[in-house]
Amino acid sequence: MTHPSPPSLPPAKFAIVDLFAGPGGLDIAATIMKDEGVESIGVEWDDATRATRAAAGLLTTEVKDVAALGPCDPSVVEATVLTGGPPCQSFSVAGSRKGHKALDDVLRLATRLADHEDEASFDVAWKEVKAETDAMSDDRTGFVLQPLRWIMEAKLKRRRPYEVIVLEQVPTVLPVWKHFVDILRRTGYAAEAHVLHTEDFGVPQTRRRAVLIAQFDPGNVHRKVRFPKATHQRYRKGAERLPSAHDRGDGSLFDTSYTGDDVEPWVSMGDALRATRTTEFVMVSNYGSGGDPKNRGRRESGEPAPTVTGKVRRNRLYPLRKNSSGEIVIRPEEELDRLSPEEAGLLQSFPAEYPWRSTDVAQQIGNAIPPRLSLHILSMALLREPPQEKWYTLLKEWRPKAAPPATVRRPARPQTSPPVPSSASGRPRTGAPAKISAK
Ligand SMILES: C[S@@+](CC[C@H](N)C(=O)[O-])C[C@H]1O[C@@H](n2cnc3c(N)ncnc32)[C@H](O)[C@@H]1O
Numbered sequence: 000m001t002h003p004s005p006p007s008l009p010p011a012k013f014a015i016v017d018l019f020a021g022p023g024g025l026d027i028a029a030t031i032m033k034d035e036g037v038e039s040i041g042v043e044w045d046d047a048t049r050a051t052r053a054a055a056g057l058l059t060t061e062v063k064d065v066a067a068l069g070p071c072d073p074s075v076v077e078a079t080v081l082t083g084g085p086p087c088q089s090f091s092v093a094g095s096r097k098g099h100k101a102l103d104d105v106l107r108l109a110t111r112l113a114d115h116e117d118e119a120s121f122d123v124a125w126k127e128v129k130a131e132t133d134a135m136s137d138d139r140t141g142f143v144l145q146p147l148r149w150i151m152e153a154k155l156k157r158r159r160p161y162e163v164i165v166l167e168q169v170p171t172v173l174p175v176w177k178h179f180v181d182i183l184r185r186t187g188y189a190a191e192a193h194v195l196h197t198e199d200f201g202v203p204q205t206r207r208r209a210v211l212i213a214q215f216d217p218g219n220v221h222r223k224v225r226f227p228k229a230t231h232q233r234y235r236k237g238a239e240r241l242p243s244a245h246d247r248g249d250g251s252l253f254d255t256s257y258t259g260d261d262v263e264p265w266v267s268m269g270d271a272l273r274a275t276r277t278t279e280f281v282m283v284s285n286y287g288s289g290g291d292p293k294n295r296g297r298r299e300s301g302e303p304a305p306t307v308t309g310k311v312r313r314n315r316l317y318p319l320r321k322n323s324s325g326e327i328v329i330r331p332e333e334e335l336d337r338l339s340p341e342e343a344g345l346l347q348s349f350p351a352e353y354p355w356r357s358t359d360v361a362q363q364i365g366n367a368i369p370p371r372l373s374l375h376i377l378s379m380a381l382l383r384e385p386p387q388e389k390w391y392t393l394l395k396e397w398r399p400k401a402a403p404p405a406t407v408r409r410p411a412r413p414q415t416s417p418p419v420p421s422s423a424s425g426r427p428r429t430g431a432p433a434k435i436s437a438k
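In structure tokens, the structure reads:
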């Protein structure tokens, strides 16, 4: 009996191994960039998430655990690029004593992994580090050190360092990335780490990610590393949405003297969910208060969504109604359908046809890096230029090769509630709103 050979990364100009790959927030962007010679394979251990990846046609290693694999394994040995978004629960208790301790431990252990000249000395260091992380009460703290192990082993064991490295996580991990930047510079990389805002890149959601980009450039480690430049307006509670280029009438980006910058208006929830939400709505969540208790957790459909997490289904939606003073009026009896998985995926900038698998996909969606942000990061890290315009359309219109069975799909049904005024002025909503006041 012959066995199919395990999946492995084909040689490519930019061959990516994606650690802690999730449902493919980064790998789907790599797929869109295929014509530039980009290929990727993910390492992911959760079976439901692996099922989503398989349905999307993404390559995933047979070995599930990042800790059980290394850069010399035949399935990933061709990789020239390392990316990863390790789980971050140990640090997300931001400000807590436990969170600080986890951070201090990781910085100290990362230093122990740096500056080794040979394989044997690195192996001794890794053994010590592993013994300590294995003994930690939260052994997930050690996950964030795995990319560093891969980077060092690629250099010392495979004897072919990764050419490009991209790591991303929640902003509380920025001090770890900054520490990695110092270590990577001493290892021959030009490297930088910064926090990026997803809505700056046309994602219909506010979310912040700490991103590290490193490029192997031994003679030039202190050079600037170009990061993606904002293409869209930053969201601020109460700020007015900029007029679109279309509404300026000349099809170009609007006058820089008006905006102070060359950016497009933010992309709103209403824009992203146009196919299923035909009237304006307000989303009530635990995020987005902007410091004003009156507005706690409320975002209008003309604004980007608050951060999409695994608890995205807890957000409640109501038709947008305002009283004569312009204040939002919520009528509990008018509650609309909660967000479907496809809608939550759209707010993360996944394609509408993304084949989410398993009964609870919210966690997969909430875990992911928005693919549209990935396009910006990968394009800048690999090609050192902004994404091509056509990639946004390819991403939006992407669909799996073989049509998936409808396991989690819910037919889009029109809203049953009557149209509601879009604002205190009573202007009905028609197509893309030109100017929306965020109350
Ligand atoms: C924060 S998510 C990353 C999401 C991914 N970057 C994306 O955009 O889709 C972390 C992922 O790592 C996976 N994971 C956690 N520990 C792992 C391990 N030891 N080996 C492989 N995958 C792991 C989790 O199941 C989860 O899907």
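Residue numbers (numbering that gives the first Met the number 0): 0 to 438. Ideal Cβ positions, reconstructed from N, Cα and C, are used throughout, including at glycine. What you are looking at is a predicted structure, and each value in this text was computed from that prediction instead of being measured.
State the CB to CB distance for the pair residue 175 and residue 128, rounded to an integer number of angstroms; the pair is presumed to be in contact (CB under 8 Å).
Reading the sequence shown from its first residue, position 176 is the one you call residue 175. Reading the sequence shown from its first residue, position 129 is the one you call residue 128. In fact, because the Cβ distance is near 14 Å, the residues do not count as touching under 8 Å.
Among the candidates 354, 369, 387, 350, whose CA atom is the shortest distance from the CA of residue 397?
Against the sequence shown, residue 397 aligns to sequence position 398. Of the listed residues, the one whose Cα sits closest to residue 397 is 350.
Are the beta-carbon atoms belonging to residue 346 and residue 242 less than 8 Å from one another?
Walking along the sequence shown from the start, residue 346 turns up at place 347. Walking along the sequence shown from the start, residue 242 turns up at place 243. Annotated as distal: residue 346 and residue 242, with beta-carbon spacing of 8 Å or more.
If we count the other Cβ atoms within 10 Å of its Cβ and call it buried at 16 or more, is residue 178 buried or exposed?
Taking the first residue of the sequence shown as position 1, residue 178 is located at position 179. Residue 178 is buried by the Cβ-count criterion.
CA-to-CA distance, residue 386 to residue 200, given in whole angstroms
Indexing the sequence shown from 1 puts residue 200 at position 201. Indexing the sequence shown from 1 puts residue 386 at position 387. Their Cα atoms are separated by approximately 11 Å.
For residue 365, collect the residues of the same chain with a Cβ closer than 7 Å to its Cβ; drop the 5 residues on either side in sequence, then sort them by chain order.
As a position in the sequence shown, residue 365 is number 366, starting the count at 1. Counting only Cβ-Cβ distances below 7 Å, and skipping sequence neighbours, we find 307, 308, 309, 311.
Could you spell out the range, first to last residue, of the alpha helix (DSSP H) harbouring residue 445?
Outside the shown range of the chain, which is 0 to 438, sits residue 445, and nothing can be said about it.
Hey, quick one: how far does the beta strand (DSSP E) through residue 151 stretch, first residue to last?
The residue labelled residue 151 in the question sits at position 152 within the sequence shown. Not the beta strand (DSSP E): residue 151 falls in the alpha helix (DSSP H), residues 145-155.
Mind checking which residues open and close the alpha helix (DSSP H) that includes residue 391?
One-based indexing of the sequence shown puts residue 391 at position 392. Element bounds for residue 391: 388-396.
Between residue 318 and residue 335, which are expected to be in contact by the criterion C-beta below 8 Å, what is the C-beta distance as a whole number of angstroms?
Counted from its first residue, the sequence shown places residue 318 at position 319. Counted from its first residue, the sequence shown places residue 335 at position 336. Confirmed, Cβ separation roughly 7 Å.
Is the beta carbon of residue 40 within less than 7 Å of some heavy atom of ligand 1?
For the purposes of this step, residue 40 is identified with residue 41 of the sequence shown, where counting begins at 1. Taking 7 Å as the cut-off, one finds no heavy atom of ligand 1 near enough to the beta carbon of residue 40.
Given that a residue counts as buried once 16 or more other Cβ atoms are within 10 Å of its Cβ, and exposed if not, what is residue 3?
Translated into positions along the sequence shown, residue 3 becomes position 4. Counting Cβ neighbours within 10 Å, residue 3 comes out exposed, since fewer than 16 surround it.
Check whether the Cβ of residue 19 sits closer than 7 Å to any heavy atom of ligand 1, and report yes or no.
Position 20 of the sequence shown, counted from the start, is the residue given in the question as residue 19. Yes, since a heavy atom of ligand 1 falls inside the 7 Å radius drawn around the Cβ of residue 19.
Please determine, among 86, 186, 196, the residue with the shortest C-alpha to C-alpha distance to residue 362.
To locate residue 362, count along the sequence shown from 1; it is residue 363. When each option's Cα is compared against that of residue 362, the closest is 86.
How long is the line joining the alpha carbons of residue 7 and residue 72, rounded to whole angstroms?
The residue labelled residue 7 in the question sits at position 8 within the sequence shown. The residue labelled residue 72 in the question sits at position 73 within the sequence shown. Straight-line Cα distance between these residues: approximately 9 Å.
As assigned by DSSP and simplified to three states, the class of residue 17:
Sequence index remark: in the sequence shown, residue 17 carries index 18 (1-based). Reduced to three states, the DSSP call for residue 17 is strand.
Look up residue 319 in the DSSP assignment and say whether it is helix, strand or coil.
Stepping through the sequence shown from its first residue, residue 319 is reached at position 320. Reduced to three states, the DSSP call for residue 319 is coil.
May I ask which residues mark the beginning and end of the alpha helix (DSSP H) holding residue 362?
As a position in the sequence shown, residue 362 is number 363, starting the count at 1. Element bounds for residue 362: 361-366.
Closest Cα partner of residue 14 within the set 29, 5, 21, 20
Position 15 of the sequence shown, counted from the first residue, corresponds to residue 14. Minimum Cα distance to residue 14 is reached at 29.
Taking contact to mean at least 3 C-beta pairs separated by less than 8 Å, is the region 207-226 in contact with the region 372-387?
In this structure the region 207-226 touches the region 372-387; the number of beta carbon pairs closer than 8 Å is three or more.
Is there at least one non-hydrogen atom of ligand 1 closer than 7 Å to the beta-carbon of residue 61?
Working through the sequence shown from its first residue, we reach residue 61 at position 62. No, the Cβ of residue 61 stays beyond 7 Å of every heavy atom of ligand 1.
Distance, residue 297 Cα to residue 284 Cα:
One-based indexing of the sequence shown puts residue 284 at position 285. One-based indexing of the sequence shown puts residue 297 at position 298. The straight-line gap separating the alpha-carbon atoms of residue 284 and residue 297 is approximately 6 Å.
Assuming residue 25 contacts residue 368 under a Cβ cut-off of 8 Å, what Cβ separation, rounded to an integer in Å, is found between them?
Position 26 of the sequence shown, counting from 1, holds the residue named residue 25. Position 369 of the sequence shown, counting from 1, holds the residue named residue 368. Yes, residue 25 and residue 368 are in contact; Cβ-Cβ is about 6 Å, under 8 Å.
On the criterion of 16 or more Cβ atoms from any shown chain inside 10 Å, does residue 314 qualify as buried, or is it exposed?
On the sequence shown, residue 314 is found 315 positions in, with the first residue counted as 1. Burial is judged here by how many other beta carbons sit within 10 angstroms of a residue's own beta carbon; residue 314 has at least 16 and is buried.
On the DSSP bridge assignment, give the partners of residue 168 in chain order.
Sequence index remark: in the sequence shown, residue 168 carries index 169 (1-based). Its beta-bridge partners are 209.
State yes or no: is the C-beta of residue 25 nearer than 7 Å to some heavy atom of ligand 1?
As a first step, residue 25 is located in the sequence shown; it is residue number 26 there, counting from the start. At least one heavy atom of ligand 1 is nearer than 7 Å to the Cβ of residue 25, so yes.
In three-state terms, what does DSSP make of residue 373?
Taking the first residue of the sequence shown as position 1, residue 373 is located at position 374. Under the three-state reduction of DSSP output, residue 373 falls in the helix class.
Pick out whichever of 395, 100, 155 has its Cα sitting closest to the Cα of residue 69.
In the sequence shown, the residue the question calls residue 69 occupies position 70. Closest option to residue 69, Cα to Cα, is 155.
Expressed to the nearest angstrom, what Euclidean distance is found between the alpha-carbon atoms of residue 394 and residue 371?
Translated into positions along the sequence shown, residue 394 becomes position 395. Translated into positions along the sequence shown, residue 371 becomes position 372. In this structure, the straight-line span from the alpha carbon of residue 394 to that of residue 371 is close to 8 Å.
Quick one, which of 299, 233, 305 has its alpha-carbon nearest residue 325's?
For the purposes of this step, residue 325 is taken as the residue at position 326 of the sequence shown. Comparing Cα positions, the closest option is 299.
Output yes or no for whether 8 Å exceeds the beta carbon distance between residue 229 and residue 169.
Locating residue 229 in the sequence shown gives position 230, counting from the first residue. Locating residue 169 in the sequence shown gives position 170, counting from the first residue. Cβ atoms of residue 229 and residue 169: not closer than 8 Å.
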